[in-house]
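Peer 1: There's a structure below that I have some questions on.
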Amino acid sequence: NLLQSFFSDVINVDENTDVDKLLIHFESGCQRIMEENANLKAKIDQLSNDADSQNQNLHNQIETLLAERKNLNDEIVQLRKIQIELNEMKQMAEQNREQMDEFRTRESQWNSEAAKLRNDLKEQKKELKAKTNQLQEQCQFLIQIQDNLAKKEQEIENMKQEMENIRSNTSNEEIGDELKQQCQRNEQLILEMDEIRAQNASYIEEISKIKSNAKEILESKQKLKDVLQKSELQLKNAKQESQRLQQQNDDYAIRINQLMIEIDEALVARKELEKTVGQLEQSLKHKEQSEKSLVTKIKQLEDKFSKEQNTHSDRIKTAEDNLRKSNDQIVELQEKLKSRNACEQELRTEIIVLEEKLKSSVKNERDLKEELKINEELNVSLKEQLNKEKSALKELKMTMDSMRAKHEETIESLYKQLEIRESQLDESLMNASSQQNSTNQELIKSRNEVGKLRSQIEELMNANENLEKKLKKSTENSGEQVAKMTKQFESQIEALRTSLEEKKAELAEKMEQFDTIENEHKNSITGLQNEINEKNTALEEVHEYYQQRLKAKENELKHLHEQLTGTDRNNYQINALQNSILQYQ
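Each step along the sequence shown adds one to the number in the working numbering, with nothing skipped, and position 581 is 568.
Here is the structure:
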């Protein structure tokens, strides 16, 4: 009854059955259960070994992916270094452009200062011509005055001789009239002589001042001529240096063409990469949207770049139209500088293209990173599944232990549980094997694609390294040349600045001297005019006074002539009048 109560599901126990048979049957069932448990343990060990091997393979794959990730990070660092070098190249190009703008402004300043100096020289030449004409007129006037003085002296001598002849020949009355006339003439001559002497003295002083000023002006003129010659030589040197710069720009253009050819080759490689990326995009649909957005952004950037190029070209055209109106020499220099600017713009465009390439490479790296992330996620999911399987296996082990403890009590329930567990394990094993096969195929495909990408990346890296070497060589050459040119220009500019400052100081001093000389001349002219006016007034007063005295003497002579009739008295009066006239003289 007890056996039937416990094992009613498995064994049909009746009253007629023997206990020994039941024990034998029970022992055979237990042996079967033990054998099945042993088989299950072997299967579980095999599954655990397979799982461990798969875990090791996955771990190795993860390590390889991490190594590849490190390599990609190193490549990213190198590309960032390249980008930094390109930014430095941009800064160098901007600095060169700023230096060229400074050279342009300095050349315009030099040209304006040279034009000012030329205008000042022209004005000084005009002033010198005017002053020389004045000096010539004054010299002619002095010569005329000297001739007049000589003539008047001769007239005085002739008058003296005539007086002597008249004294010996004419009568007393004629002598008196002639004496009166001669006295008047003598007075006029004396006045004229005084005026002429004063004028001569003033003219001599003015001539001496003008001669000293003329010497100073001639010296300043020679100095200005020397300054102009120096400035012209400096301008010639600047032109020669601009020609050298143009030749260097031509060399840079040739090098840039070579770099463009290499960049085209890199673009071909980029197209091949884009094909591979397209194949990867077909397998991964979620990447298409990001790439479409990137393409639209690139198009926008290209449109912006084209617009900026058009605006730059329009600005250049307007600048050329404005600059053509200036002097011929400045136009030539500006055209040369424009060619330099064009080369710089080409360099900028090339730098922008290289930046875009770097961006594309960075995008490719981002895509690879995303793929690595996806692979990592797959690995994580596989790890989770393995952990789940391990946990399930642990649970199975726990259940097996519990079943061992209770196998005598629950043999029939264990059969059912074992069948259920076997079906579940078979399903899980099938799923795991299918997932492993799919993951292995995906990993093989990803490895092949990664190998192709590595080869392409290595080719691109080699091309980039070659380009970097060439760019470094070109930058070093250009940097050395620019440094040399900047040193030369700085020395020349400093010399020109010092010379210009000295010239400005000399011109300021000369202008101050001219102003002081003009003020002195004006003051001297006003003083001379005032003195001449005062002398004229004094002479008029003296002339009136002597006329009054002469009239009084004439009246006295008339009275004496009427009173006296003798020749002795007349001779006496004439002698007295002559003595009085001599006293007045």
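Even glycine gets a Cβ: it sits at the ideal position worked out from N, Cα and C.
Which residue wins for smallest C-alpha separation from leucine 104, given the options Glu488, Ile69, Glu531?
Peer 2: Among Glu488, Ile69, Glu531, the Cα nearest to that of leucine 104 is on Glu488.
Peer 1: From phenylalanine 446 to glutamine 428, what does the alpha carbon distance come to, in whole angstroms?
Peer 2: According to the sequence displayed, residue 446 carries glutamate and not phenylalanine. Between glutamate 446 and glutamine 428, the C-alpha separation is close to 27 angstroms.
Peer 1: Taking buried to mean at least 16 other C-beta atoms within 10 Å of its own C-beta, is leucine 220 buried or exposed?
Peer 2: With fewer than 16 Cβ atoms within 10 Å of its Cβ, leucine 220 is classed as exposed.
Peer 1: Can you grab the Cα-Cα spacing for the pair leucine 45 / asparagine 60, in whole Å?
Peer 2: Distance between the alpha carbons of leucine 45 and asparagine 60: 22 angstroms.
Peer 1: Measuring straight from C-alpha to C-alpha, what distance separates glutamine 148 and glutamine 111?
Peer 2: Answer to the nearest angstrom: the Cα atoms are 54 angstroms apart.
Peer 1: Using the C-alpha atoms, what's the distance from glutamine 227 back to isoleucine 63?
Peer 2: Approximately 45 angstroms, taken between the alpha carbons.
Peer 1: Can you say whether leucine 53 is buried or exposed, counting buried as having 16 or more other CB atoms within 10 angstroms of its CB?
Peer 2: It counts as exposed.
Peer 1: Taking buried to mean at least 16 other C-beta atoms within 10 Å of its own C-beta, is glutamate 94 buried or exposed?
Peer 2: Buried is the call here.
Peer 1: Do you know how far the Cα of glutamate 343 is from the Cα of glutamine 41?
Peer 2: Near 43 angstroms, if we compare the C-alpha coordinates of glutamate 343 and glutamine 41.
Peer 1: Could you check the C-alpha separation between glutamate 72 and glutamate 357 for me, to the nearest Å?
Peer 2: Using only the alpha carbons, I get a separation of about 27 angstroms.
Peer 1: Using the beta-carbon count (16 or more within 10 Å), is isoleucine 11 buried or exposed?
Peer 2: Its Cβ having fewer than 16 others within 10 Å, isoleucine 11 is exposed.
Peer 1: If you draw a straight line from the alpha carbon of glutamate 81 to that of lysine 113, how long is it in whole angstroms?
Peer 2: Taking the straight line from one Cα to the other gives about 47 angstroms.
Peer 1: In angstroms with no decimal places, state the Cα-to-Cα distance between aspartate 37 and glutamate 14.
Peer 2: Cα to Cα, the separation comes out at about 34 angstroms.
Peer 1: Rounding to the nearest angstrom, what Cα-Cα distance links phenylalanine 90 and asparagine 453 in this structure?
Peer 2: C-alpha separation (whole angstroms): 34 angstroms.
Peer 1: For arginine 67, count neighbouring Cβ atoms within 10 angstroms of its own Cβ and tell me buried if that reaches 16, exposed if not.
Peer 2: Exposed.
Peer 1: Report the rounded CA-to-CA distance for isoleucine 31 versus glutamine 43, giving the unit in angstroms.
Peer 2: Each residue's Cα considered, the two are about 18 angstroms apart.
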